[in-house]
Amino acid sequence: MATLTHDMLDAAALTAALQRRDCGTVLAFLGTTRDHHDGRRVTQLAYEAYEPMALRELEALEREAREQFEIEACTVSHRLGVVPPAEPSVVVVVASHHRGPAFDACRWIMDELKKRVPIWKKESYAGGGEEWVSGTKLES
Amino acid sequence: MATLTHDMLDAAALTAALQRRDCGTVLAFLGTTRDHHDGRRVTQLAYEAYEPMALRELEALEREAREQFEIEACTVSHRLGVVPPAEPSVVVVVASHHRGPAFDACRWIMDELKKRVPIWKKESYAGGGEEWVSGTKLES
Amino acid sequence: MQLNVLFFAQARERAGAASATLTLPDGSCVRDALDALALEYEGLAPLRSHLAVAQNGVLVRAGDALRDGAELALLPPVSGG
Amino acid sequence: MQLNVLFFAQARERAGAASATLTLPDGSCVRDALDALALEYEGLAPLRSHLAVAQNGVLVRAGDALRDGAELALLPPVSGG
Chain D
1 MATLTHDMLD AAALTAALQR RDCGTVLAFL GTTRDHHDGR RVTQLAYEAY
51 EPMALRELEA LEREAREQFE IEACTVSHRL GVVPPAEPSV VVVVASHHRG
101 PAFDACRWIM DELKKRVPIW KKESYAGGGE EWVSGTKLES
Chain G
141 MATLTHDMLD AAALTAALQR RDCGTVLAFL GTTRDHHDGR RVTQLAYEAY
191 EPMALRELEA LEREAREQFE IEACTVSHRL GVVPPAEPSV VVVVASHHRG
241 PAFDACRWIM DELKKRVPIW KKESYAGGGE EWVSGTKLES
Chain W
281 MQLNVLFFAQ ARERAGAASA TLTLPDGSCV RDALDALALE YEGLAPLRSH
331 LAVAQNGVLV RAGDALRDGA ELALLPPVSG G
Chain V
362 MQLNVLFFAQ ARERAGAASA TLTLPDGSCV RDALDALALE YEGLAPLRSH
412 LAVAQNGVLV RAGDALRDGA ELALLPPVSG G
């Protein structure tokens, strides 16, 4: 189930939720705030979204991943608001019988998420200043 | 740090340990006991290892992964003894600046682990019976 | 027709507002809305070629017809994840 | 020379033991050890072509020399993960 939340993401709970008796693989991807970018020290990221559309796109990613790959379940969760270094802004969890499709699906979801979902992030820098991270134009 | 243990693997703690301020990606792979295989119902897996050699091989996998891929850290943990369905027998966690190398490294570690590390598993079936899972001959 | 316009990220900052009400002649298309907004919010001009537009949550093209009462969202290049 | 032999997985079950002490003439190689073990543990025969052998934790080949006091491990095809 796709989630868009202003709270901290609980990667452990999201991962445990997809440990299934009928699956041999659980793969959990955490996209975390990195404290540097292009040589500048980053103090935080701040995310915003066009929430109803972003949630529908996250749900579409889950559905399409289940259709395209041999996986049994997947969840995509994105945090909004301020995310400090080392904390996850996005958690993708995939469960599958075999490991190959889990890797393929998880990677595909992240690639698509960055192209299709109306979410934006702004970097704040040590010493002041902030900038929107350059992104990808949505294609209709 | 590679681990070989008869205790339950704490995937959440292993994952959290690799959330770093300088990394944008943490990828956690859990290989879990599946309750079926080739049409038979599996009640448990039992693992054994040539422990000192297996631990050295797990350590070598970590070291080689760090040399071959653009990753900052990785840990490989394997459980021994009985592992019931849905519980992990192996947990691989990789941290990296960018996500591509984390996927590549994690997949490579699992492929190599299954070819190089002296660990064996035996399936037990519902209704009785057990069998060693057919594996890969070690190459010197 | 009347539209409820939503500005996000750079578009919000450049417009100096998160939303606005826009009144256009019946039969207007997405391009007409962007033209009218560019007049009212000069700061949007440098961003215009980079914007995607959604009508009622669905991406639309410059020539697509607008619907009265629609929610029109101005979406800068996305950078989620 | 004397060797400490370890049997794992199928090899352990087929030998009916987890370890054994093996005495061989000086100058023996890995193949000689496997020959001697096959005589003592008939159940190992069907597995022999599938076994890898480690001496003191390092994989060795059939022609490699054995060292007195070494630990020799019989390793069936591996299936970790």
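As given, the protein sequences belong to chains D, G, W and V, one line each in that order. Position 21, counted from 1, in the first sequence is what the numbering used here calls 21; the numbers after and before it change by one each time, with no gaps. Position 10, counted from 1, in the second sequence is what the numbering used here calls 150; the numbers after and before it change by one each time, with no gaps. Position 78, counted from 1, in the third sequence is what the numbering used here calls 358; the numbers after and before it change by one each time, with no gaps. Position 49, counted from 1, in the fourth sequence is what the numbering used here calls 410; the numbers after and before it change by one each time, with no gaps. In this text, a Cβ means the ideal position worked out from N, Cα and C, and glycines have one as well. Nothing here was measured: the structure is a model prediction, and the numbers come from that model.
Rank the options by C-alpha distance to the C-alpha of residue i and give the top, closest one.
i	options	result
E51/D	H78/D, R40/D, R21/D, A95/D	H78/D
A95/D	H6/D, K121/D, L9/D, R21/D	R21/D
T173/G	C23/D, V42/D, G135/D	C23/D
P437/V	A213/G, T155/G, P258/G	P258/G
G377/V	A415/V, L405/V, D393/V, M362/V	L405/V
L299/W	G361/W, S359/W, G360/W, E320/W	Strictly speaking, residue 299/W in this sequence is Ser, with Leu absent from that position. Closest by alpha carbon: E320/W.
V439/V	G240/G, V232/G, L253/G, H238/G	L253/G
E139/D	K115/D, W132/D, E130/D, M53/D	K115/D
Y125/D	T43/D, R63/D, A16/D, G39/D	T43/D
D387/V	R375/V, E403/V, L364/V	L364/V
D111/D	G100/D, H97/D, V92/D, H36/D	V92/D
M53/D	A353/W, V285/W, M281/W	A353/W
G100/D	R63/D, G128/D, Q68/D	Q68/D
E123/D	D38/D, I71/D, A17/D, H97/D	D38/D
A318/W	M281/W, Q335/W, R294/W	R294/W
L367/V	A415/V, L385/V, D429/V	A415/V
E270/G	L158/G, Q159/G, A157/G, H176/G	H176/G
G360/W	L18/D, A17/D, G135/D	G135/D
G81/D	K137/D, L45/D, A17/D	L45/D
Q129/G	R181/G, C214/G, E210/G, G267/G	An answer regarding residue 129/G cannot be provided, because it is not within the stretch 141 to 280 covered by chain G.
R181/G	E199/G, G268/G, W260/G	G268/G
Based on DSSP bridge pairs, tell me the residues matched to residue i.
i	result
R181/G	H176/G
E299/W	Sequence check: residue 299/W is Ser here, not Glu. For S299/W, which the question treats as bridged, DSSP gives the partners L286/W.
R247/G	Beta-bridge pairing links R247/G to no other residue.
H218/G	L144/G, V230/G
T25/D	S96/D, G171/G
L352/W	V285/W, Q335/W
A47/D	It should be pointed out that residue 47/D corresponds to Tyr in this sequence rather than to Ala. DSSP output for Y47/D lists G81/D, K121/D as bridge partner(s).
V133/D	For V133/D, which the question treats as bridged, DSSP gives no partner whatsoever.
A213/G	A235/G
A426/V	C390/V
Report, in whole angstroms, the separation of the C-beta atoms of residue i and residue j, which I expect to be a contact under 8 Å.
i	j	result
G337/W	R66/D	With 8 Å as the limit, G337/W and R66/D do not qualify as a contact, their Cβ atoms being about 22 Å apart.
A339/W	A316/W	With the sequence shown as reference, residue 339/W is identified as Leu, and Ala is not the correct amino acid for it. Not really, about 20 Å apart at Cβ, beyond 8 Å.
P85/D	L9/D	At roughly 15 Å, the Cβ-Cβ gap does not stay under 8 Å, so P85/D and L9/D are not in contact.
L61/D	V83/D	The pair is not a contact, with the Cβ atoms about 20 Å apart (cut-off 8 Å).
T15/D	A153/G	Rounded, the Cβ-Cβ distance is 12 Å, inconsistent with contact.
H97/D	E72/D	7 Å
Any contact of the region 368 to 375 of chain V with the region 404 to 413 of chain V, i.e. 3+ C-beta pairs under 8 Å? yes
Exercise for review: Tell me, please, whether the region 162 to 179 of chain G touches the region 244 to 258 of chain G by the rule of three or more beta-carbon pairs shorter than 8 Å.
Suggested key: yes
Q.
Give me the subset of the region 362 to 374 of chain V whose CB atoms are less than 9 Å from a CB atom of chain G, sorted by chain position.
A. L367, F369, A370, Q371, R373, E374
Exercise. Using a Cβ cut-off of 8 Å, which residues of the region 210 to 239 of chain G contact any Cβ in chain D, in chain order?
Worked result: P225, A226, E227, P228, H237, R239
task: Output, in sequence order along the chain, the residues in the region 3 to 33 of chain D whose CB is closer than 8 Å to any CB in chain G.
output: A11, A12, T15, A16, Q19, R20, R21, D22, C23, G24, T25, V26, L27, A28, F29, L30, G31, T32, T33
Open item on the list: Is it the case that the region 185 to 200 of chain G contacts the region 142 to 153 of chain G, given that we only count it when at least three CB pairs across the two stretches are under 8 Å?
Closed with: yes
Contact between the region 299 to 313 of chain W and the region 344 to 356 of chain W (3+ Cβ pairs under 8 Å): yes
In chain order, what residues of the region 190 to 204 of chain G put their CB closer than 8 Å to some CB of chain V?
Y190, P192, M193, A194, R196
Contacting positions in the region 244 to 256 of chain G - beta carbon closer than 7 Å to chain D: R247, M250
Contact residues within the region 307 to 341 of chain W, judged by C-beta distance below 7 Å to chain D
H330, A332, A334, G337, L339, V340, R341
Exercise for review: Pull out every residue of the region 425 to 441 of chain V whose Cβ sits closer than 7 Å to any Cβ of chain G, in chain order.
Suggested key: A434, L436, P437, P438, V439, S440, G441
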